[in-house]
Amino acid sequence: MRPAADPRERPRSSRSAERPKARPAAPGSDPYAALSSSDHQEAHTVAYGASPYDELGGPAQSPDGMSRGRRAQNRLRDSRAGQLLANTGALSLFGSQEDEQLDRTGEPLRSSRTSRSRAGGAGAGLPPQGYHRYFNYPRWGKRGVKRWLPSWKLVTGTFAFFTLLLVGVVFYFYNSVDIPPEDPTTLAQTTTVYYANGKDEIGRLSVTNRESVSLKEVPESLIHAVLAAEDHSFYENSGVNYTSIVRAAIATVTGGNQQGGSTISQQYVKNVYNEREVSYKRKMNEAVLAVKINRKLDKDVILERYLNTIYWGRGAWGVQAASKTYFNKDVSKLDESESAFLAGIINAPGLADPTDGDPLHKERANRRWGVVLDAMVTRNWLDATKRSQLTFPKVVKQKTTTSSTGQAAYLMEMVKEEAQEAGIDEKDLTTGGYQITTTFNKRLVNAGDKAVKKWTKDAPKGLRVGMASINPKTGGVLAIYGGTGIDKQLNQATKDRAQAASTFKPFTLISALEDGVSLESTYNGNSPRVIRAGTKEIKNDSGVSYGWINLIKATASSVNTVYVDLNNQIGPEKTKNAAIAAGIPKDTPDLGSNLVNVLGTASVHPIDLANAYATFAAQGVHRQWHTISKITKTQNSDYKYEVPSDVVKGDKVFDEDKVADLTYAMEQVVQQGSGVYAKALNRPVAGKTGTSSGSKSAWFAGFTPQVATVVGLHQVKKDGKSLGELQGFGGFTSIYGGSIPVRIWTDYMTAALAGKEIVDFAKPPRGGEVVSSSPTPTVTVPPTPTETPTPTQTEQPTQEPTRPSQPTFTQDPTTPPTETTDPVVTETTGNTLPTFPGQDDGNDGNN
0 MRPAADPRER PRSSRSAERP KARPAAPGSD PYAALSSSDH QEAHTVAYGA
50 SPYDELGGPA QSPDGMSRGR RAQNRLRDSR AGQLLANTGA LSLFGSQEDE
100 QLDRTGEPLR SSRTSRSRAG GAGAGLPPQG YHRYFNYPRW GKRGVKRWLP
150 SWKLVTGTFA FFTLLLVGVV FYFYNSVDIP PEDPTTLAQT TTVYYANGKD
200 EIGRLSVTNR ESVSLKEVPE SLIHAVLAAE DHSFYENSGV NYTSIVRAAI
250 ATVTGGNQQG GSTISQQYVK NVYNEREVSY KRKMNEAVLA VKINRKLDKD
300 VILERYLNTI YWGRGAWGVQ AASKTYFNKD VSKLDESESA FLAGIINAPG
350 LADPTDGDPL HKERANRRWG VVLDAMVTRN WLDATKRSQL TFPKVVKQKT
400 TTSSTGQAAY LMEMVKEEAQ EAGIDEKDLT TGGYQITTTF NKRLVNAGDK
450 AVKKWTKDAP KGLRVGMASI NPKTGGVLAI YGGTGIDKQL NQATKDRAQA
500 ASTFKPFTLI SALEDGVSLE STYNGNSPRV IRAGTKEIKN DSGVSYGWIN
550 LIKATASSVN TVYVDLNNQI GPEKTKNAAI AAGIPKDTPD LGSNLVNVLG
600 TASVHPIDLA NAYATFAAQG VHRQWHTISK ITKTQNSDYK YEVPSDVVKG
650 DKVFDEDKVA DLTYAMEQVV QQGSGVYAKA LNRPVAGKTG TSSGSKSAWF
700 AGFTPQVATV VGLHQVKKDG KSLGELQGFG GFTSIYGGSI PVRIWTDYMT
750 AALAGKEIVD FAKPPRGGEV VSSSPTPTVT VPPTPTETPT PTQTEQPTQE
800 PTRPSQPTFT QDPTTPPTET TDPVVTETTG NTLPTFPGQD DGNDGNN
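In numbering that gives the first Met the number 0, the protein residues as written are 0 to 846.
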C-alpha cells in the first residue's frame, strides 16, 4: 500500500505530474532509488532533461544532493533566454523549485511562497512572473558585485545609442551652417577723432595700409615660419586640429597657460566672415566653416588669403604691409630671421614691437622669434646649424599710421593710447567706426605751435621743446606741443623727460605750510651753506648771499640755501609725497627722498608737471589729466564712453588755505622774480622758473585760475640721446627758465585767455607759525655789502642763532628787477655737491 499523501504537499506542476511514481525513500536518500534503473533514467530525462548517470556510469548527483540536470535547469532558468521564454509562456522553468527541495531532502516545502516571489524582494533572484523592464540593471539573478556590473549588451547598446546621437547632432549642425558672404576687411569703418567742439576733425584711423600679394611672391621661409608658429599640420588637417582643441580645452579647465586651438583655416574664417563673437557657438560655427572652406578652396588659396587679411600691428593689414612697416622692404626679400619675427608676432602684434620703448614688448618679440625658429628646425624647415647663426633682425621704428601731420599727429597718438586704456585695442580702433571727441582746443593747439616756432627760429639742432596745457577744473588737456614732427621726435610733452629743477620747490613749500610754517618765517639765505652735517655745501646762483629772508622772498628769488634748509626741517619725504599727491607719477626717475630733491633732481614729463600745477590752480584738488571726453560708435547707438565722474570730481589733496598762501608766494615770482616777463599777461599769474645744473634743462611752469601750462626745454647731443648744455639763441647767450621758456608760455597764455574774464586767486590767509632757520653746522659767509649789520659768526652756533634784524622787503617794488641776459654759471668744484645728479643751481636769471 502507498502511504497516504501529506496534506501539506502542494499540487505539482503538470510537468511534475508526468513523472514516474516513486516509492517513499528514507530522508537524505535518492527519492528515485526505488525505481528501476531504466525508469530512473527516464524520469530524470523527462523531469530534468539529463541522465542521472554521468558518462562514466556514475550517479549524476553532487554531494549536496543537487543533480546535474537540476543544475543545468537552474542555469537555463537564470539565463536571459530562459527568462524570456518563461515570460512568453513558451517554457515553464520556475514551478519546480519544490522538486529541487525534494531532490535534496526528500521533504516537501513548508513555505507557501515560491522562489519567484522571494526573488522580487531579495534582489538576487529572478523577476516576478510577467514583470518587464527595458534595461536589466541592476541585473536579476546576480549577487554581489556582478549584480551592479552592466552586461556587455547594455554597454555596447548604450555606446551605440549615444554614438548615433552624436553623429546625428553633428550632421544636423554641419548642414545647418552655411558659408556667409565674405566680410571684406577693406570695408572696415573709419574711426574719426575730433577736437573738443565735436566738429573740427583732428584725424582719422582706418585700415588703409594694405597691399595684397600672391603666394608665389611670399618667400618659402615666411610660409614655413607662419606654419611653424600657427598651424604646422595645415596641409594635412581638414581645417580643424582636434588634438589642439582638446589640449587647449584641458589647459583652460585646469587653469594652465592659455593655448590657442585655432588652425589657420579657423583664423581665416574668423577674420573674413566676421566670426568675432566670444562664445562656444561661435567656435562651433568657426570649426564647421573651416571644414567647409577646406572642401571648397585649395589649401594654397586659403593660405594666401590668410596672409593678406590678418593684422600684423602698426596699422599694417596683410604680409606686404607688415614687411614694409617693420623692415621697409618688399615681402619677397625677407630672410629667415625676418620671417620668424613676423610669424612670431601674429598672435599679439601690439605686445611684441621691439621699438616702442617697452622692455617687456622687446623681450616678448625676441622670445617669440626664437620659438618660431626652433619650431622650424623641429619640422626640418630650417637647418640647425643655420639656426644657431641667425641673429635678431633690425626692426625699423614705427612711422605714423594716422591721417594727420604736425601737432595733430601727436594728438592722435595720445588719443590712441588713451582709447586702449579705455578698453579699445588698436585693431578695433582702426576698424570699429568710433567717433571720439577729445579735450583738445584747436585754437590753443595752434597758439602753442605758433609760440614755440616764434621763439625757436634760430635754435641750434638738438633742441627739444615740450609744452602741455591743462584745464584745472576738469583735468582735460587743452593743448600740447609735441615736437617738430612725430617721425623725427618723440612726443616731448608726454614721452620725453628733463630734470625739473626749481619747479619742485613749491612741493616743499606746500608741505611746510601744511606743517604749520608761516610764509613770514625767516631763513638764512647766505651762500654757501652746509645744511646738514656730513653733506656738501649748498650754493645759490652765482654764489649770491641774501641774508635773512622770509619764504616769500626766497620763492621769488629761488634761493637754494633757504629751500634746502626748509626741506631739511620738514623732511625730504614730505616733499616727495607732496609731488606725488599733486600729480607727479610715483615711478618718475630719480624721484627720491634725499635732501636736495627740492632742487628738482627728478626727471619729469612736461604734462605731469602741468598736471601737478593744475592741482595748485584748482585750490588743492587733483584731477588726473586726460585727452578723451567722449566715445560713441557709428553702428551701435548703445555704446558710449565718457570720462569717469571720479576723474572729473577729483581728489582733495591739499588744504585750500595753504594753497592760497602757496599761490601768493608763487605770484611774487612773476611780480618781482625770475618770471617777471609773464606780467605782460595783465592778470593774476603764479608760477616758477627752473634751470638745472649745467643748463641741461630750463622751465617755466605757471597758472591762472583757468589754465595751467608748462614749457620745458632741453638739449640733446648729436647721438640724439644724451643730454647736452642748452646753447644760447633768440637773443640770449645762455638759456634759463626766465628767458625763452617764460616767453613761449606768455605768448601762448595770451592767446589761450583772450576774451576770458580776469579771475583773481583766493585771498591768502597768511597763517601758520613764524619759525627760523635750522642751526647751521658750519657757516662760511663772505662779507655782504649791505647796510644791514652782519651777525657775529661763531664756530659752534647757539640754540637760537644770532641774526640781523629783518631786512626791509618790499612786496611790490616800484622798479622791477632787470632781466639778466647772461647770468654767470659757476662750476661746482671743491666742496660743492656733485654727488646729487641734476641739482638745480638756481640759474633762473635774476633769481
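Backbone N, C-alpha and C fix where the C-beta goes; we use that ideal spot for every residue, glycine too.
Can you grab the Cα-Cα spacing for the pair Ser-673 / Val-652, in whole Å?
-> 28 angstroms
With distances taken Cα to Cα, identify the nearest neighbour of Arg-741 among Val-684, Lys-695, Gly-719 and Ala-753.
-> Checking the sequence shown, residue 741 turns out to be Val, not Arg. Measuring from the Cα of Val-741, the nearest candidate turns out to be Val-684.
Roughly how many angstroms separate the alpha carbons of Tyr-663 and Asp-586, rounded to a whole number?
-> 30 angstroms
Simplified DSSP assignment, three categories, for Val-45 = Caution is warranted here: a pLDDT of 45 is assigned to Val-45, below 50, making its placement in the model unreliable, and the coordinate value is therefore given only provisionally. DSSP places Val-45 in helix when its eight states are reduced to three.
According to DSSP, is Trp-380 helix, strand or coil?
-> coil
For the alpha helix (DSSP H) holding His-223, just list the boundary residues, first then last.
-> 219-229
Ile-734, DSSP secondary structure in three states = coil
When you compare each of Phe-615, Val-675 and Gly-686 to Ile-583 by their alpha carbons, which one comes out closest?
-> Phe-615
Taking DSSP as the reference, what is the three-state secondary structure of His-604?
-> coil
Option nearest Gly-542 by Cα separation, candidates Thr-534, Gly-533 and Ser-556 = Ser-556
Using 10 angstroms around the beta-carbon of Thr-600, count the other beta-carbons present and answer buried if the total reaches 16, otherwise exposed.
-> buried
Nearest neighbour of Gly-356, chosen from Trp-311, Pro-471, Ala-228 and Gln-397 [CA to CA] = Gln-397
Pair within 8 angstroms by beta-carbon distance, Gly-907 and Ala-697 | The chain is shown from 0 up to 846; residue 907 falls before or after that span and cannot be answered.
How many angstroms separate the CA atom of Glu-818 from the CA atom of Phe-503?
-> Caution is warranted here: a pLDDT of 35 is assigned to Glu-818, below 50, making its placement in the model unreliable, and the coordinate value is therefore given only provisionally. About 22 angstroms.
Where do the ends of the alpha helix (DSSP H) carrying Asp-427 lie?
-> 425-430
Just the Cα atoms here: how many angstroms apart are Arg-442 and Lys-687?
-> 25 angstroms
Note down the Cα distance separating Tyr-409 from Gly-202, rounded to an integer number of angstroms.
-> 11 angstroms
Boundaries (first-last residue) of the alpha helix (DSSP H) holding Phe-506 | 504-513
Run the CB neighbour count on Asp-424, radius 10 Å, all protein chains shown included, and call it buried at 16 or more, exposed below.
-> exposed
With contact counted as at least three CB pairs below 8 angstroms, one residue from each stretch, are the segment 750-757 and the segment 443-461 in contact?
-> yes
In terms of residue numbering, what span does the beta strand (DSSP E) encompassing Phe-699 cover?
-> 696-702
To the nearest whole angstrom, what separates the beta carbons of His-625 and Thr-438, a pair I think is in contact under 8 angstroms?
-> 7 angstroms
Under 8 angstroms between the Cβ atoms of Ala-761 and Gln-618?
-> yes
What are the boundary residues of the beta strand (DSSP E) that Ala-685 is part of?
-> 685-690
Report back the beta-carbon spacing between Val-706 and Ser-468 to the nearest angstrom; my notes put them in contact at under 8 angstroms.
-> 6 angstroms
Of the choices Gln-498, Pro-764, Gly-465 and Phe-134, whose alpha-carbon is the least far from that of Thr-483?
-> Gly-465
If we count Cβ pairs, one from each stretch, closer than 8 angstroms, do we get three or more for the segment 230-240 versus the segment 342-352?
-> no
How do the segment 333-344 and the segment 362-376 stand: do at least 3 beta-carbon pairs fall below 8 angstroms, yes or no?
-> yes
Run through DSSP, which three-state label would Glu-200 get?
-> strand
Does the beta-carbon distance from Ile-734 to Trp-454 come in below 8 angstroms?
-> no
From this set, Leu-226, Lys-141, Val-239 and Asn-270, which residue's C-alpha is nearest Gly-343's C-alpha?
-> Leu-226
What is the DSSP secondary structure of Tyr-305, reduced to helix, strand or coil?
-> helix
Does the distance from the C-beta atom of Arg-304 to that of Val-271 stay below 8 angstroms?
-> yes
Determine the DSSP secondary structure at Val-710, reduced to helix, strand or coil.
-> strand
Residues in its own chain within less than 6 angstroms of Tyr-551 by CB, not counting five upstream and five downstream?
-> The sequence shown places Ile at residue 551, rather than the Tyr named in the question. Counting only Cβ-Cβ distances below 6 angstroms, and skipping sequence neighbours, we find Leu-518, Ala-664 and Gln-667.
May I ask you to report which of helix, strand or coil DSSP gives Gly-729?
-> coil
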